[in-house]
Amino acid sequence: MAFYRAQGSVPPKRHTQHRGDDGGLFYEELMGEEGFSSDSSLLYHRFIPSAISDAREWPLDLRTTPNHPLLPRHLKLHDLFDADSHGVDVVTGRRLVLGNGDVRISYVVADAPSPWYRNGIGDECIYVERGGARVETVFGMFVVGEGDYLVIPRATTHRWLPLVAGDEGFAEPLRAYAIEANSHIAPPKRYLSKFGQLLEHAPYCERDLRGPEGPLLAEDIGADPEAATEVYIKHRTSTGIVGTVYTYPYHPLEVVGWDGCLYPYAFNVADFEPITGRVHQPPPVHQVFEGYNFVICNFVPRKVDYHPLSIPVPYYHSNVDSDEVMFYVDGDYEARKGSGIGKGSISLHPGGHAHGPQPGATEASIGVERFDELAVMVDTFRPLELGEAGTAVDDGKYAWSWVGGR
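Here the UniProt record's numbering is used: position 42 in the sequence shown is 42, and no number is missing along the way.
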């Protein structure tokens with residue numbers, strides 16, 4: 001994260017004694033990126049943060065299938081979970097849609113509290129499609145709702161508590177779109193000054209970012225601070241991604257204070273200010289975050305091209321270096337009309353396939369002054385493969401939609 005925050009009880013000088021009211025010493029932990037060479041925060045613990053009393057395996061199935069033969073695909077995410085499904089949580093209930101060695105995209109409809117969890121592989125960016133949740137972290141708490149991105153740094157212990165109808169005004173189940181990196185996720189470098197401030201040409205600024213409310217301690221949520229607690233962890237071995245469950249002899253919410261530039265934060269898509277022009281603007285103007293070998297963009301309701309001869313829908317383009325994944329969240333998708341794509345759909349346009357508007361969409365868009373659409377796009381620079389969820393909800397016919405079906 002770009003700017004400094006401090007919450008709770010921290011000493012005047014780092015790496016010095018910090019004691020509680022009873023005289024006991026708090027345990028200082030440096031949580032930092034890239035060794036000691038990038039953003040970090042110092043957390044002050046009641047208990048020794050490395051103390052574990054047990055460990056067991058957490059079975060994960062993250063196998064993928066190559067997109068072969070090479071096809072553009074339409075994946076219907078809303079078919080993954082039945083309306084009467086219950087007991088699903090955001091962590092263990094995710095179903096893998098697409099993935100490669102840099103990023104994994106999953107989807108979940110959740111109504112149950114998740115276990116305590118941390119991703120030891122990379123940062124996570126969770127987009128809330130519908131509903132809401134209380135997210136409790138060692139840095140503090142968030143309430144997230146429709147349109148929120150929550151960026152969670154690697155190794156942040158946290159859990160998700162879906163909010164049911166009537167809680168905080170949420171009326172729909174929690175639908176979450178999870179983007180898990182094998183790297184860090186941050187604002188694009190071109191939006192930032194050399195010191196990390198968001199610049200004037202960026203489509204959002206620090207005022208739009210929400211930090212955690214905290215500190216949050218076990219007793220604040222009615223829990224026993226000394227209760228043994230399991231934490232689910234994703235990590236890597238030489239053969240791939242695996243899971244372990246640690247048992248700690250205390251509750252995870254025991255950080256009395258922290259300060260630094262590394263912490264989770266939320267950003268709502270409604271605060272993204274779209275960049276428009278007289279002629280069609282390329283996808284990078286829609287970028288919101290980036291990770292190693294992938295970018296995240298969002299397409300929001302906006303005024304479109306205003307040249308007198310403009311064609312508002314995208315021109316046909318070949319993804320020479322990337323696979324393009326578009327998650328259609330809301331609105332009316334001018335370029336995809338007639339393809340079957342609607343709310344809750346994903347389109348996958350792989351590198352090597354020229355794609356663009358459906359037949360008739362180009363002519364129909366002429367004279368349109370505004371697009372009412374909301375979508376989240378992930379572009380990757382290595383080929384994506386299909387997870388079990390992607391295979392399960394592939395409509396099997398999207399590839400032929402430019403010739404009227406087959």
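We put the CB at the ideal spot given by N, CA and C, even for glycine.
Determine the direct distance from the alpha carbon of residue j to that of residue i, and round the result to whole angstroms.
{"i": "residue 210", "j": "residue 345", "result": "28 Å"}
{"i": "residue 19", "j": "residue 103", "result": "41 Å"}
{"i": "residue 332", "j": "residue 64", "result": "31 Å"}
{"i": "residue 74", "j": "residue 252", "result": "40 Å"}
{"i": "residue 215", "j": "residue 305", "result": "46 Å"}
{"i": "residue 194", "j": "residue 403", "result": "49 Å"}
{"i": "residue 196", "j": "residue 348", "result": "33 Å"}
{"i": "residue 300", "j": "residue 221", "result": "37 Å"}
{"i": "residue 393", "j": "residue 307", "result": "40 Å"}
{"i": "residue 118", "j": "residue 152", "result": "9 Å"}
{"i": "residue 158", "j": "residue 233", "result": "11 Å"}
{"i": "residue 291", "j": "residue 23", "result": "43 Å"}
{"i": "residue 405", "j": "residue 370", "result": "Residue placement at residue 405 cannot be trusted, given a pLDDT of 43 that sits under 50; the coordinates are not used to answer."}
{"i": "residue 412", "j": "residue 398", "result": "Lying outside 1 to 406, the shown extent of the chain, residue 412 is not represented and no answer is given."}
{"i": "residue 88", "j": "residue 77", "result": "16 Å"}
{"i": "residue 284", "j": "residue 297", "result": "7 Å"}
{"i": "residue 28", "j": "residue 111", "result": "35 Å"}
{"i": "residue 336", "j": "residue 361", "result": "7 Å"}
{"i": "residue 21", "j": "residue 53", "result": "27 Å"}
{"i": "residue 422", "j": "residue 270", "result": "Summary: the structure shown does not reach residue 422, with the chain confined to residues 1 through 406, and so no result is reported for it."}
{"i": "residue 161", "j": "residue 44", "result": "25 Å"}
{"i": "residue 367", "j": "residue 91", "result": "45 Å"}
{"i": "residue 451", "j": "residue 106", "result": "Within the shown structure, residues of the chain are numbered from 1 to 406, placing residue 451 beyond reach of any answer."}
{"i": "residue 323", "j": "residue 99", "result": "11 Å"}
{"i": "residue 202", "j": "residue 51", "result": "43 Å"}
{"i": "residue 294", "j": "residue 188", "result": "11 Å"}
{"i": "residue 184", "j": "residue 154", "result": "7 Å"}
{"i": "residue 382", "j": "residue 182", "result": "13 Å"}
{"i": "residue 140", "j": "residue 206", "result": "18 Å"}
{"i": "residue 4", "j": "residue 10", "result": "14 Å"}
{"i": "residue 327", "j": "residue 280", "result": "21 Å"}
{"i": "residue 230", "j": "residue 48", "result": "16 Å"}
So residue i is in the alpha helix (DSSP H); what residue range does that whole segment cover?
{"i": "residue 347", "result": "No alpha helix (DSSP H) contains residue 347, which is instead part of the beta strand (DSSP E) from 345 to 349."}
{"i": "residue 388", "result": "388 to 392"}
{"i": "residue 176", "result": "Segment 174 to 181 is the beta strand (DSSP E) holding residue 176; no alpha helix (DSSP H) there."}
{"i": "residue 363", "result": "361 to 365"}
With DSSP as the reference, identify every bridge partner of residue i, one or two as the case may be.
{"i": "residue 403", "result": "Note: residue 403 sits in no beta bridge, so no partner."}
{"i": "residue 213", "result": "141"}
{"i": "residue 152", "result": "124"}
{"i": "residue 318", "result": "354"}
{"i": "residue 296", "result": "289, 378"}
{"i": "residue 132", "result": "163"}
{"i": "residue 303", "result": "370"}
{"i": "residue 19", "result": "25"}
{"i": "residue 192", "result": "198"}
{"i": "residue 408", "result": "Only positions 1 to 406 of the chain appear in the structure, and residue 408 is not among them; the question remains open."}
{"i": "residue 206", "result": "Bridge partners of residue 206: none, in fact."}
{"i": "residue 385", "result": "99"}
Classify residue i: buried if its beta carbon has 16 or more other beta carbons within 10 angstroms, exposed otherwise.
{"i": "residue 358", "result": "buried"}
{"i": "residue 303", "result": "exposed"}
{"i": "residue 171", "result": "exposed"}
{"i": "residue 25", "result": "exposed"}
{"i": "residue 72", "result": "buried"}
{"i": "residue 126", "result": "buried"}
{"i": "residue 16", "result": "exposed"}
{"i": "residue 191", "result": "buried"}
{"i": "residue 384", "result": "buried"}
{"i": "residue 123", "result": "buried"}
{"i": "residue 114", "result": "buried"}
{"i": "residue 376", "result": "buried"}
{"i": "residue 260", "result": "buried"}
{"i": "residue 41", "result": "buried"}
{"i": "residue 46", "result": "buried"}
{"i": "residue 82", "result": "exposed"}
{"i": "residue 146", "result": "buried"}
{"i": "residue 58", "result": "buried"}
{"i": "residue 96", "result": "buried"}
{"i": "residue 400", "result": "exposed"}
Which two residues bound the contiguous beta strand (DSSP E) that contains residue i?
{"i": "residue 324", "result": "323 to 331"}
{"i": "residue 162", "result": "158 to 163"}
{"i": "residue 29", "result": "27 to 32"}
{"i": "residue 5", "result": "5 to 8"}
{"i": "residue 118", "result": "116 to 119"}
{"i": "residue 110", "result": "103 to 110"}
{"i": "residue 95", "result": "95 to 99"}
- Task: Mind listing, in chain order, the continuous beta strand (DSSP E) runs of no fewer than 3 residues lying wholly within the segment 39 to 84?
- Result: You should have 40 to 45, 54 to 58, 73 to 76.
- Message: My parser needs the beta strand (DSSP E) runs of 3 or more residues fully inside the segment 210 to 294; what are they?
- Response: As far as the segment 210 to 294 is concerned, its whole beta strand (DSSP E) runs of at least 3 residues are 229 to 237, 240 to 248, 255 to 260, 265 to 268, 287 to 291.
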